[in-house]
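**Student:** Residue numbers (this note's numbering), protein chains in the order written: chain A, 1 to 378; chain B, 379 to 453.
In this text, a Cβ means the ideal position worked out from N, Cα and C, and glycines have one as well.
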Amino acid sequence: MIYLDNSATSYPKPPEVFEAYKKAIKYYHSNPGRGGYDNALLTAEKIFEVREKTAVFFGEKQCENVCFTANCTQAINTVIKGILKEGDHVVISDLEHNAVLRPLEKLRLQSKITYDTFTSDFYDEKKTIESFLGCLNDHTKLVFCTHASNVLGVSLPLQKIGKICKERRIIFAVDAAQSGGILLMDKQAFHIDYLCLAAHKGLFAPMGLGVLIGNGSKLETLVEGGTGSQSANAVQPDFMPDRLESGTANVSGIIALGAGIDFIDRTGRENIHKSEKDIILHIYDSFCHCSEINCYVNYEQLAQFSPVLSFNIADVPGEIVAQKLAQQGICVRAGLHCAPLAHRKIGTDACGTVRISPSFFTTEKEINCAISCIKKLI
Amino acid sequence: MAEIRVKVGSVTNAQKAKKVLLNNGIHAAIKRAVQIKKGDGCGYSVVFVGEREPALLYLKQAGIKIISVTANDIS
Numbered sequence: 001m002i003y004l005d006n007s008a009t010s011y012p013k014p015p016e017v018f019e020a021y022k023k024a025i026k027y028y029h030s031n032p033g034r035g036g037y038d039n040a041l042l043t044a045e046k047i048f049e050v051r052e053k054t055a056v057f058f059g060e061k062q063c064e065n066v067c068f069t070a071n072c073t074q075a076i077n078t079v080i081k082g083i084l085k086e087g088d089h090v091v092i093s094d095l096e097h098n099a100v101l102r103p104l105e106k107l108r109l110q111s112k113i114t115y116d117t118f119t120s121d122f123y124d125e126k127k128t129i130e131s132f133l134g135c136l137n138d139h140t141k142l143v144f145c146t147h148a149s150n151v152l153g154v155s156l157p158l159q160k161i162g163k164i165c166k167e168r169r170i171i172f173a174v175d176a177a178q179s180g181g182i183l184l185m186d187k188q189a190f191h192i193d194y195l196c197l198a199a200h201k202g203l204f205a206p207m208g209l210g211v212l213i214g215n216g217s218k219l220e221t222l223v224e225g226g227t228g229s230q231s232a233n234a235v236q237p238d239f240m241p242d243r244l245e246s247g248t249a250n251v252s253g254i255i256a257l258g259a260g261i262d263f264i265d266r267t268g269r270e271n272i273h274k275s276e277k278d279i280i281l282h283i284y285d286s287f288c289h290c291s292e293i294n295c296y297v298n299y300e301q302l303a304q305f306s307p308v309l310s311f312n313i314a315d316v317p318g319e320i321v322a323q324k325l326a327q328q329g330i331c332v333r334a335g336l337h338c339a340p341l342a343h344r345k346i347g348t349d350a351c352g353t354v355r356i357s358p359s360f361f362t363t364e365k366e367i368n369c370a371i372s373c374i375k376k377l378i
Numbered sequence: 379m380a381e382i383r384v385k386v387g388s389v390t391n392a393q394k395a396k397k398v399l400l401n402n403g404i405h406a407a408i409k410r411a412v413q414i415k416k417g418d419g420c421g422y423s424v425v426f427v428g429e430r431e432p433a434l435l436y437l438k439q440a441g442i443k444i445i446s447v448t449a450n451d452i453s
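(1) Under 7 Å between beta-carbons, which chain B residues line up against A/A189? List them in chain order, please.
(2) Is A/D362 helix, strand or coil when you go by DSSP?
(3) Run through chain A and tell me which residues come within less than 7 Å of B/V389, C-beta to C-beta.
(4) I want to verify the contact list: residues of chain A whose CB lies under 7 Å from the CB of B/Q393, in sequence order.
(5) Would you give the residue range spanned by the beta strand (DSSP E) that A/S252 belongs to?
(6) Count the other CB atoms, across all protein chains shown, that sit within 10 Å of the CB of A/A350; report buried if there are 16 or more and exposed otherwise.
(7) Output the distance between the C-alpha atoms of A/I378 and A/F311, rounded to the nearest integer angstrom.
(8) Between the Cα of B/I444 and those of B/N450, B/A433, B/I452, B/D451, spot the shortest distance and give me the residue it belongs to.
(9) Which class does A/H97 belong to by DSSP, given the choice of helix, strand or coil?
(10) So, are the CB atoms of A/K46 and A/I261 less than 7 Å apart?
(11) Identify the contact partners of B/K385 in chain A, using a Cβ-Cβ distance below 9 Å as the criterion.
(12) Between the stretch 209–223 of chain A and the stretch 67–76 of chain A, do at least 3 Cβ pairs fall closer than 8 Å?
(13) Return the CA-CA distance between B/G441 and B/N401, expressed in angstroms with no decimal places.
(14) Could you confirm whether any beta carbon from chain B is found closer than 7 Å to the beta carbon of A/E276?
(15) Is the CB-CB distance between A/A173 and A/S306 below 7 Å?
(16) Based on Cα-Cα distance, which residue from B/K385, B/V384, B/V389 lies nearest to A/A249?
(17) Using DSSP with H/G/I as helix, E/B as strand and the rest coil, what is A/S286?
(18) List, from N- to C-terminal side, the alpha helix (DSSP H) runs of 4 residues or more that fit wholly inside the stretch 115–145 of chain A.
(19) When the distance is taken between beta carbons, is A/S93 closer than 7 Å to A/C145?
(20) May I ask you to report which of helix, strand or coil DSSP gives B/K409?
(21) Hey, B/K409 and B/V425: beta-carbon distance below 7 Å or not?
(22) Residues of chain A with a CB under 8 Å from the CB of B/K443: which are they?
(23) State the Cα-Cα distance for the pair A/L4 and A/E276, rounded to the nearest angstrom.
(24) Return yes when the Cβ of B/G421 is within less than 7 Å of the Cβ of B/Y387, no when it is not.
(25) Where DSSP assigns a beta bridge to A/H89, which residues make up the other side?
(26) Checking 7 Å against the spacing of the C-beta atoms, do A/I330 and A/V321 come in under that value?
(27) Taking only three categories from DSSP, how would you classify A/E245?
(28) Using 7 Å as the threshold, is the C-beta distance between B/K385 and B/S446 below it?
(29) With 9 Å as the limit, tell me which residues of the stretch 51–85 of chain A have their beta carbon closer than that to any beta carbon of chain B; keep them in chain order.
(30) Between which two residues does the alpha helix (DSSP H) containing B/L437 stretch?
(31) Would you decide whether A/D38 is buried or exposed? Buried here means 16 or more other CB atoms lie within 10 Å of its CB.
(32) Strictly below 9 Å CB to CB, what residues from chain A border B/K409?
(33) State the Cα-Cα distance for the pair A/A232 and A/G82, rounded to the nearest angstrom.
(34) Please list the terminal residues of the continuous alpha helix (DSSP H) segment that includes A/T54.
(35) Let's see if you can read the secondary structure: which residues bound the alpha helix (DSSP H) around A/G82?
What follows is the structure in structure tokens.
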């Protein structure tokens, strides 16, 4: 099998993540924040270590602002539904995933909010910022942007957008599902209020874990329940992370996330990114000489991007291409990738694309084999 | 000499409090809060032997919300 669907979830995981996960199930088996016996406290200590590690990795000073969620989508919903009130206006990019689009659309259909979409320019940041500024109005309460498109890998000028938001006192939230652990992300430097992450992609944790790093403000809760704290009070605690962490945590997943971050720190995020970037550039170079293959983005012209490449072969439906590759043991994802806005932008909303997303562990041999198989489909 | 129990609510706050105290040279342990007051409920305390006021100051400076403080004379 040649696995090239790391944008859906990364595989393989580093060996130490696998070991940490196994060890967690065996040795950190108690519910943290509930009991007072040794193993419950030991497990809580491990969770705290990962909370601190995650905070440091993403440039957050207060580790209690790191909340573990079920996934990135839940983190995004928590932000959107926890912040917005009737009459608020939101600005998003034209690359957003349904995780951002659908909650906003639901609120819009309920006539509670309005939102506008700015146009990103892959090669000209100035044009992106101009379009962004044109969408802001006096009622804009929240700006929600993806760090990198899950369809095309292109990234947005978050630092500039964040600075504008800060100057205008607009809340800035970022969906870093595709970029966390790969592209540089510093929550403070980028002026981000809420950072939403998928732990199981570039951070190498198992599936079923997301991270929301907030700014300490008291968000309205999406879910209420047991937190192991202030139990006599029927009202949800107002302090973090308990306010946003009801119910039992994914302990083994969180401990494995810690091992994933350790792996990235030891390997070097830049090294991981470079390795994956080189693979994309190699694929792009192989494809751009074939007139039958459309790549939609000139990766050679991009300053930075997440390791994702979308393509189509002439008028062959993407699903057919993916199916034929699957028959040869090559795992890629076709369709709209839950991101209809990005597909609308590149004119593939009717047919979708085939998406290749390699990882740090993808070998040159695997990539050359995949390229060869794809070219044989022409 | 007194054993000071500072109830700080959640286990995360307790972990953070323990670290703050350790950074200031005070060794503390985390214990389940044993005295549950009406309207309060479960939670965790950091427990240490030493002077109360400087420790509380360190915790307050670190932004840790203190729910209650008890002292038991162990001398």
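**Tutor:** Straight from the coordinates:
(1) Going along chain B, no residue has its Cβ under 7 Å from A/A189, so there is no contact; the nearest lies around 22 Å.
(2) Here residue 362 of chain A is Thr; the residue named in the question, Asp, does not match the sequence. It is coil, neither helix nor strand.
(3) P32, G33, A44, G228
(4) A44, E45, F48
(5) Where A/S252 is concerned, there is no enclosing beta strand (DSSP E), although the alpha helix (DSSP H) it sits in stretches over 251–267.
(6) exposed
(7) 13 Å
(8) B/A433
(9) coil
(10) no
(11) Chain A residues near B/K385: none, gap ~10 Å exceeds 9 Å.
(12) yes
(13) 15 Å
(14) no
(15) no
(16) B/V389
(17) helix
(18) 125–135
(19) yes
(20) strand
(21) yes
(22) F239
(23) 11 Å
(24) Going by the sequence as given, residue 387 of chain B is Gly instead of Tyr. Their beta carbons are under 7 Å apart, which means B/G387 touches B/G421 by this criterion.
(25) A/T114, A/T140
(26) no
(27) coil
(28) yes
(29) R51, E52, Q62, C63, E64
(30) 430–439
(31) exposed
(32) G36, L41
(33) 24 Å
(34) 38–57
(35) 72–83
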